[in-house]
């Protein structure tokens, strides 16, 4: 069964790179441009993994993950946070919220794929 | 480096590797023999040692093969590949070790060595295809049946309360990684799928076993949380990836879950060698471990965090307890650390020479250096004389400092030639095994004092005589198991090789617990052979010494071993030529002890300086019995030979001044140096006795190689050349010939 991955990021280019990489590896992707948009996309259908940026307009990644974990349908869905080296505190917050995996920006598409595979292989 | 030079290095390297391989194989065999009655307490240690031995043997074969490939030596690659394949299977415990397998492997080692020796002679092809084929066929009979599907892995369950990871810590002899996972309770809620990690792991290698551990599961069902994770895995994993790469698989869970990764033995070995290869830069323990790859930076961070909360625990202790790294690796790292510290405080070169690896230098170059230093000593001595003549105190002082330094350099360069006797001794493991098998005897060889050092030249020359003595002990000394049983001795005979330093010489002992020497039988045989007269009264020692007489053999049956063209007389002569001697101590029925006394080096001798006219001569000190004044009344001349009365004993003597054609008048007082060689004594008459000295031997040039009675020369402190007398040939001259015929 094809695995579905939700990508939440306000940068269209990053969404595109991640999306293309994952599709190339056989995953199905859904894109959202911020936390709010992300929550909207969670319509109860099966999502295997969520990749979320931290800094986004409207709703940031941390709040998004908190909301997500409160939803019984998605509380077991793994989340990869996209962080930058300087965002140690954000990373800690994200982890506290329930996003245990992360990828540091800037990343190579392959790095993203590796992280995804570790979680939903 | 030219290809030829590289090839020479390859040949030397292979010789060493194969020799080591043989030693390891024999050690395995010994282990196999004793494993039946070994006690349980040492079993774990044995297992480690075994794995280590097999690994080492594998690496030896692997290196021989790998380098052969570089030189395009396909026949060596082909053959060693077969050996390596089998060893690999052995390493992975797919086949079990048997004594017949070891025997085949030993033969394979011999074949490899032959190939290498042929290579040294310039033959770059298979020298013995039949043997190669036979051995390859033999090897294949040991191979396991075709391997199973590689991709499948068995998942079994374990309710074992003991964590298997703890049991196996540091004892991972199986050649694969061992990964111990304990997921934390929140793992599922965090979106972590335990199976996902296993699947991902398969991308990096092959999972050979998985044991699911569920002992975290609460006993009370009411406490059971359906969303919590109680799982753990014990995973056997084969992979060539680094520890870091494997650990990264668990990147997202290692903060909260327990992840322990134990490297296979081969990996452990590579950590150890990486540690030893690190430079002398001072490092912290953690840094060393991270640098060699045994510890990942994350593991170090966690361990340091623990240490900061429990400062009474040492870092190494924490790492071992957490299973981050094996005790051996921590020990090696601590040793490295100590060495680096020592390197800083002491002389750098000394630290480097202690443990900092070895430097391969051709023996010729060392000889050249020693020769040059000899020259340096001479010119130093003459400089000293000139500086004294100049009455310039400052000059004299600095020259004397210079000369002291030269002496130190001389001693240091002499030490370059010193090697441990262990390698020579270890060669006998195989000899003893083979000979004992051939004779149907059970013999254990034990070696002590293997680290005793002696001059490389002596080591080279002692090999043959030692070989003969060892064979002799096996052949004639140690009895067959039946005989031993009848005598109430343990069936297994003991042969012991021992070496130690004793006042400037090296002593080698060959001790067996065999039948001992039968003095009566030796005496009877000697009379029969006409070596002694039946009326001779001889003490035990003298009778024993008869076995060194030419043509003497008491063995009733000529075995394959005796009659190899070397008699005990040759053995003794070899040893005497080295400036050594051999003593026998034996008790009938209990055993025999042969003691070889050898000089530490052939380059320096303890000499005794004498003078005739203005010429100095050196007599090797160990051949001197005593010095007496020549009483003209006691000396007689008959048929051109001269004799004197030494305490009512007839002592033939020769005057050096006559022997060497010195025409000046004899002084009024002359001295006799009584020398001995073997059992004979003779007197050498000189003008003056100067005393003992230690001297460097310089060989005579080719022009003088035919000169009898002179063994070499030596340069005295004052720059004068002193000739060193060759006592054995001189004695022969005294005995056989009339003095005036000798020197023309």
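Residue numbers (my numbering), protein chains in the order written: chain R, 4 to 124; chain V, 8 to 751. Quick reminder that beta carbons are idealized off the backbone N, C-alpha and C, glycines included. The structure displayed is predicted, hence computed values, not measured ones.
Pairwise C-alpha distance: residue j and residue i
| i | j | result |
| --- | --- | --- |
| residue 238 (chain V) | residue 93 (chain V) | 38 Å |
| residue 405 (chain V) | residue 721 (chain V) | 25 Å |
| residue 600 (chain V) | residue 478 (chain V) | 14 Å |
| residue 188 (chain V) | residue 241 (chain V) | 6 Å |
| residue 97 (chain V) | residue 270 (chain V) | 18 Å |
| residue 143 (chain V) | residue 112 (chain V) | 10 Å |
| residue 18 (chain R) | residue 42 (chain R) | 16 Å |
| residue 54 (chain R) | residue 82 (chain R) | 6 Å |
| residue 425 (chain V) | residue 117 (chain V) | 28 Å |
| residue 22 (chain R) | residue 40 (chain R) | 17 Å |
| residue 311 (chain V) | residue 322 (chain V) | 7 Å |
| residue 390 (chain V) | residue 402 (chain V) | 10 Å |
| residue 127 (chain V) | residue 81 (chain V) | 16 Å |
| residue 651 (chain V) | residue 658 (chain V) | 5 Å |
| residue 253 (chain V) | residue 111 (chain R) | 20 Å |
| residue 528 (chain V) | residue 554 (chain V) | 11 Å |
| residue 305 (chain V) | residue 220 (chain V) | 25 Å |
| residue 637 (chain V) | residue 690 (chain V) | 10 Å |
| residue 24 (chain V) | residue 260 (chain V) | 44 Å |
| residue 345 (chain V) | residue 282 (chain V) | 12 Å |
| residue 400 (chain V) | residue 415 (chain V) | 23 Å |
| residue 557 (chain V) | residue 495 (chain V) | 35 Å |
| residue 445 (chain V) | residue 612 (chain V) | 42 Å |
| residue 113 (chain R) | residue 231 (chain V) | 39 Å |
| residue 326 (chain V) | residue 105 (chain R) | 27 Å |
| residue 63 (chain V) | residue 75 (chain V) | 18 Å |
| residue 137 (chain V) | residue 35 (chain V) | 27 Å |
| residue 135 (chain V) | residue 28 (chain V) | 21 Å |
| residue 440 (chain V) | residue 116 (chain R) | 59 Å |
Contact list for residue i against chain V, beta-carbon separation under 8 Å
| i | result |
| --- | --- |
| residue 101 (chain R) | 196, 197, 198 |
Proximal chain R residues relative to residue i, where beta-carbon distance stays under 8 Å
| i | result |
| --- | --- |
| residue 256 (chain V) | 121 |
| residue 207 (chain V) | 120, 121, 124 |
Supposed close pair residue i, residue j - CB separation, criterion 8 Å
| i | j | result |
| --- | --- | --- |
| residue 67 (chain R) | residue 11 (chain R) | 6 Å |
| residue 661 (chain V) | residue 682 (chain V) | Not quite, the Cβ-Cβ distance comes to about 10 Å (not below 8 Å), so this is no contact. |
| residue 292 (chain V) | residue 244 (chain V) | That belief does not hold up - the Cβ atoms of residue 292 (chain V) and residue 244 (chain V) are roughly 27 Å apart, past 8 Å. |
| residue 33 (chain V) | residue 437 (chain V) | 6 Å |
| residue 64 (chain R) | residue 101 (chain R) | Not quite, the Cβ-Cβ distance comes to about 11 Å (not below 8 Å), so this is no contact. |
| residue 432 (chain V) | residue 504 (chain V) | 5 Å |
| residue 125 (chain V) | residue 86 (chain V) | Residue 125 (chain V) to residue 86 (chain V), Cβ: 12 Å. No contact. |
| residue 6 (chain R) | residue 31 (chain R) | 7 Å |
| residue 115 (chain V) | residue 84 (chain V) | No, residue 115 (chain V) and residue 84 (chain V) are not in contact; Cβ-Cβ is about 14 Å, not under 8 Å. |
Neighbour list for residue i in chain V, Cβ cutoff strictly below 9 Å
| i | result |
| --- | --- |
| residue 78 (chain R) | 196, 198, 234 |
Amino acids of chain R, ordered along the chain, whose beta-carbon sits closer than 9 Å to that of residue i
| i | result |
| --- | --- |
| residue 203 (chain V) | 81, 120, 121, 122, 123, 124 |
| residue 259 (chain V) | 81, 83, 103, 104, 105, 118, 121, 122 |
Partners in chain V for residue i, counting only beta-carbon separations shorter than 7 Å
| i | result |
| --- | --- |
| residue 73 (chain R) | By Cβ distance, chain V contributes nothing, its closest Cβ being about 12 Å from residue 73 (chain R), past 7 Å. |
Residue-chain proximity (residue i, chain C), Cβ-Cβ < 8 Å
| i | result |
| --- | --- |
| residue 732 (chain V) | Among the chains of the structure shown, chain C does not appear; the protein chains present are R and V. |
**Request:** Check whether the segment 69 to 76 of chain R touches the segment 180 to 195 of chain V, counting contact only when three or more Cβ pairs, one atom from each stretch, lie closer than 8 Å.
**Result:** no
**Prompt:** Quick one: complete beta strand (DSSP E) runs, 3+ long, within the segment 649 to 732 of chain V?
**Reply:** 656 to 662, 678 to 684, 687 to 693, 695 to 703, 717 to 722, 728 to 732
**Request:** Note down, one range per segment and in chain order, each alpha helix (DSSP H) of at least 4 residues found wholly within the segment 78 to 118 of chain R.
**Result:** For the segment 78 to 118 of chain R, whole alpha helix (DSSP H) runs of length 4 or above, ordered along the chain, are 91 to 100.
**Asked** Going along the chain, which unbroken runs of the beta strand (DSSP E) with 3 or more residues stay wholly within the segment 238 to 272 of chain V?
**Response** 239 to 245, 265 to 269
**Request:** Could you tell me which uninterrupted alpha helix (DSSP H) segments, each at least 4 residues in length, are contained entirely in the segment 445 to 478 of chain V, listed from first to last along the chain?
**Result:** none
**Asked** If we count Cβ pairs, one from each stretch, closer than 8 Å, do we get three or more for the segment 540 to 558 of chain V versus the segment 451 to 464 of chain V?
**Response** no
**Request:** Note down, one range per segment and in chain order, each beta strand (DSSP E) of at least 3 residues found wholly within the segment 66 to 121 of chain V.
**Result:** Listed in chain order, there is nothing to give.
**Request:** At 4 residues or longer, and completely inside the segment 501 to 555 of chain V: list those alpha helix (DSSP H) runs for me, N to C.
**Result:** 526 to 535, 547 to 552, all fully within the segment 501 to 555 of chain V.
**Prompt:** Are the segment 610 to 621 of chain V and the segment 695 to 705 of chain V in contact at 8 Å, needing three or more beta carbon pairs?
**Reply:** Yes, they touch.
**Message:** Between the segment 586 to 603 of chain V and the segment 511 to 528 of chain V, can you find at least three pairs of beta-carbon atoms closer than 8 Å?
**Reply:** yes
**Prompt:** Mind pulling the alpha helix (DSSP H) runs of 4 or more residues that sit fully within the segment 12 to 65 of chain R?
**Reply:** 15 to 27, 38 to 44
**Message:** For the structure I just gave you, are there three or more beta carbon pairs, one from the segment 619 to 637 of chain V and one from the segment 669 to 681 of chain V, closer than 8 Å?
**Reply:** In this structure the segment 619 to 637 of chain V lies against the segment 669 to 681 of chain V, because at least three pairs of beta carbons, one per stretch, are closer than 8 Å.
**Message:** What ranges does the alpha helix (DSSP H) occupy inside the segment 571 to 649 of chain V, keeping only unbroken runs of at least 4 residues that lie completely in it?
**Reply:** Those alpha helix (DSSP H) runs which fall completely within the segment 571 to 649 of chain V and span 4+ residues are 575 to 584.
**Item:** Runs of alpha helix (DSSP H) wholly within the segment 201 to 226 of chain V (minimum 4 residues, chain order)
**Value:** 201 to 211
**Message:** With three or more C-beta pairs closer than 8 Å as the rule, is the segment 373 to 386 of chain V touching the segment 416 to 423 of chain V?
**Reply:** yes
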